[in-house]
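Residue numbers (the UniProt record's numbering): 1 to 210.
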């Protein structure tokens with residue numbers, strides 16, 4: 001009941017009624033997998049530099065339905081952060097402004113559940129912008145692939161360590177890596193994780209709301 005109340009309250013807080021469709025019942029067996037590259041790890045003070053997303057439909061990754069955009073930062077990116085996200089100033093020459101990027105992303109996502117690796121961080125980053133532009137945080141359901149993977153690991157005790165690093169999960173699931181890590185490639189690889197794990201974990205245990 002509380003979840004429904006919060007959802008309805010969020011819907012009433014929309015600044016742009018065009019996005020009421022975000023609250024519609026999602027289509028069955030459709031998801032969006034996304035990843036963001038950012039200037040740092042603080043949703044409060046850091047910025048999104050790029051967004052990659054791909055649609056999953058009926059257990060297929062739709063490679064013709066992808067989103068790959070660079071976002072203009074408000075200030076010059078520093079050398080230390082480049083070591084983390086590997087996005088250079090030259091990569092941002094054709095970047096678009098944050099509002100256009102976020103609205104394009106919202107149109108791409110629609111009301112689909114969002115799949116990701118540590119997706120709460122990406123959603124928190126995106127929500128910082130959506131609150132500014134449409135008045136609300138992302139209302140979509142989220143699916144965390146590292147949690148799905150964790151549920152499939154057999155453990156001898158509750159205290160046994162499970163390595164949840166991205167590259168470890170890819171290796172353990174015997175999935176091919178797509179070269180350098182960027183937002184779109186990471187989204188596609190995460191989609192592969194999701195599809196391989198989806199049949200191994202009960203669907204009702206993989207969905208988390210914001």
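Even glycine gets a Cβ: it sits at the ideal position worked out from N, Cα and C.
Opposing strand residues paired with residue i [DSSP bridges]
i	result
residue 35	52
residue 115	33, 143
Cβ neighbour criterion (16 or more within 10 Å) applied to residue i
i	result
residue 102	buried
residue 163	exposed
residue 140	buried
residue 159	exposed
residue 15	exposed
residue 205	A caution first: residue 205 carries a pLDDT of 37, below 50, which makes its placement in the model too unreliable to give a value.
Where the alpha helix (DSSP H) through residue i begins and ends
i	result
residue 180	No alpha helix (DSSP H) contains residue 180, which DSSP labels as neither H nor E.
residue 95	Neither: residue 95 is in no alpha helix (DSSP H) and is coded neither H nor E.
residue 85	79 to 85
residue 166	166 to 172
residue 7	2 to 12
Residue closest to residue i, alpha-carbon to alpha-carbon, out of the options
i	options	result
residue 142	8, 79, 87, 111	111
residue 99	72, 121, 88	72
residue 47	126, 59, 182	126
residue 54	194, 9, 4	194
residue 59	52, 107, 28, 74	28
residue 6	179, 177, 138	138
residue 169	180, 153, 157, 179	153
residue 212	191, 92, 198, 184	This structure leaves residue 212 out entirely; the chain is present only between 1 and 210.
Residue span of the beta strand (DSSP E) that contains residue i, given as start and end
i	result
residue 67	60 to 70
Checklist entry - If we count Cβ pairs, one from each stretch, closer than 8 Å, do we get three or more for the region 28 to 39 versus the region 111 to 127? => result Taking 8 Å as the limit for Cβ pairs, the verdict is that the region 111 to 127 does touch the region 28 to 39.
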